[in-house]
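S.K.:
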Amino acid sequence: MQDYFTSIGEKTFRADQVLQWVYHHRVTRFKDMTNLSKVLRESLDGTAVLEFPEVAAEQRSSDGTIKWQLSLPDGNQIETVFIPESERGTLCVSSQAGCALNCKFCATAQQGFSRNLSTSEIIGQVWLARQILQDKGLGVRPVTNIVLMGMGEPLLNYDAVVPALRLMLDDRSFGLSRRRVTLSTAGVVPAIDRLRLDCPVSLAVSLHAPDDELRTRLVPLNKKYPIAMLMDACRRYIDDDPRRRITFEYTMLDGVNDSSDQAVSLVRLLGDMPAKVNLIPYNHVEGLPFRCSHDAQIAAFQDVLATAGILCMTRKTRGSDISAACGQLVGNVMDRLRRGAGQLRVPSKGIS
Ligand code: SAH
């Protein structure tokens, strides 16, 4: 934005002013930005736009989770989820329309991939959600945490995601600390190294298996970036900050990755890495052959990790009654990979 203002012969501080109008005062018309000159306001009206995704549908879960289906100008739809807890409000944001990774147990993969979201479409989800939540009277700062765990692989949309992350951290916009912004990746190793230098927010890694054979079956990206390479990148990511740890996500799939032996292998794999393991009970996806592990199996798995001194939690499933839980996010996206039968993939369940 500073470059933009320079290019039209204005001072760079105009960017700060506009950011503050948009993010702090929720003003979305240039003509209402009263500390800009009238001439500048008029010129902005002719040359710039302030655009937000449009809410196509809103659903509220019995547990308070809210899911928005958002329409983008080109007809794609994405989903954003708000998860309220007593001490915090977490917003789960999408980074792509669809996803190209084809993880075998994820609903988004079934939809195919359409395109990367722009920085504006990513940060627009945060702006819009905060606005709606404030209007509902859900607090002055309803969003305290942001996770890039919605549709898409954020590190395959690096150039748009990093500026969006910076806006989440910037005091002129959302001003969140980098501990409260988490990017989740299936393990795009070179981009993990870039992120460490460009914008080291908290990192979550979707692991799901303790060995390459199984992980490649579940997360095909593992063929390109196998576990040893991924672990090295994780170590480098937190190397210079002794207080940090990597979160590993592990979706519990009955009879696939949930045995006690596999828990032991996971302990060995993590070794002394500063890590936290989030066990995610598998959320049902129509048409897929997986089932969630039994509670006792999840507890036993967690026990093995805890006994070995690894911080481990079982993620509470939120919003599954409205298909808003992990791995259930789908939008109507134009599938350019033609993985499914038609080009426009309509969710079989949830809002349509
Ligand atoms: N592409 C990124 C961001 C998606 S995050 C990544 O892979 O990390 C969504 C998380 O939910 C990932 O850990 C994903 O593996 C997990 N997930 C996908 N499908 C799921 C399902 N059906 N049940 C539970 N977790 C699932």
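Numbering that gives the first Met the number 0 puts the first residue of the sequence shown at 0, with every later residue one more than the last.
Every residue gets a Cβ at the ideal spot worked out from N, C-alpha and C, and that includes glycine.
Since the model is a prediction, treat every value here as computed from it, not as a measurement.
With distances taken between CB atoms, is the gap from Ala-159 to Leu-194 smaller than 8 angstroms?
M.R.: no
S.K.: Using a Cβ-Cβ cutoff of less than 6 angstroms, which residues in the same chain neighbour Tyr-224 once the five nearest sequence positions on both sides are dropped?
M.R.: Gly-186, Val-188
S.K.: Ignore the nearest five residues each way along the sequence and tell me which others in Gln-76's own chain have a CB closer than 7 angstroms to its CB.
M.R.: Closer than 7 angstroms at the Cβ level, and outside the excluded window around Gln-76, lie Ala-55, Gln-68, Leu-69, Ser-70, Gly-330, Asn-331, Val-332.
S.K.: With three or more beta-carbon pairs closer than 8 angstroms as the criterion, would you say the segment 202-222 touches the segment 170-180?
M.R.: Per the Cβ contact rule, the segment 202-222 is not in contact with the segment 170-180 (fewer than 3 Cβ pairs under 8 angstroms).
S.K.: Comparing alpha-carbon positions, which option in Arg-87, Ile-131, Ile-191 lies nearest Gln-58?
M.R.: Closest by alpha carbon: Ile-131.
S.K.: Could you check whether the Cβ of Ser-205 sits closer than 7 angstroms to any heavy atom belonging to the ligand SAH?
M.R.: yes
S.K.: Drop a sphere of 10 angstroms on the beta-carbon of His-207, count the other beta-carbons inside from all chains shown, and report buried for 16 or more, exposed for fewer.
M.R.: buried
S.K.: Determine the burial state of Gln-1: buried for a count of at least 16 other Cβ atoms within 10 Å of its Cβ, exposed for fewer.
M.R.: exposed
S.K.: Buried or exposed, going by whether 16 or more other CB atoms sit within 10 Å of the CB of Ile-7?
M.R.: exposed
S.K.: Whole angstroms is fine: what's the gap from Asp-44's alpha carbon to Leu-127's?
M.R.: 21 angstroms
S.K.: Do Leu-252 and Tyr-281 come within 8 angstroms of each other at the CB atom, strictly closer than that value?
M.R.: For the pair Tyr-281 and Leu-252, the CB atoms are nearer than the 8 angstroms cut-off.
S.K.: Sorry if obvious, but does the Cβ on Met-148 come closer than 7 angstroms to a heavy atom of the ligand SAH?
M.R.: yes
S.K.: Kindly indicate the opening and closing residues of the alpha helix (DSSP H) around Ser-42.
M.R.: 37-46
S.K.: Can you tell me whether DSSP reads Arg-59 as helix, strand or coil?
M.R.: Under the three-state reduction of DSSP output, Arg-59 falls in the strand class.
S.K.: State the Cα-Cα distance for the pair Ile-245 and Tyr-22, rounded to the nearest angstrom.
M.R.: Roughly 30 angstroms between the two C-alpha positions.
S.K.: Compute every distance between the C-beta of Tyr-281 and the non-hydrogen atoms of the ligand SAH, then say whether any falls below 7 angstroms.
M.R.: yes
S.K.: Got a sec, what are the start and stop residues for the alpha helix (DSSP H) Gln-296 sits in?
M.R.: Annotation for Gln-296: the continuous alpha helix (DSSP H) segment containing it runs 294-306.
S.K.: How many angstroms separate the CA atom of Asp-231 from the CA atom of Arg-28?
M.R.: One C-alpha to the other measures close to 47 angstroms.
S.K.: With C-beta atoms as the reference, is Leu-49 less than 8 angstroms away from Arg-13?
M.R.: Against a cut-off of 8 angstroms, the Cβ pair of Arg-13 and Leu-49 comes out as no contact.
S.K.: Given Pro-346, which residues of its chain have a CB within under 6 angstroms of its CB, disregarding the five upstream and five downstream residues?
M.R.: For Pro-346, the predicted model reports a pLDDT of 44, less than 50, meaning its position is unreliable; a value from the coordinates is still stated below. Once the five neighbours on either side are set aside, the close Cβ partners of Pro-346 are Val-329.
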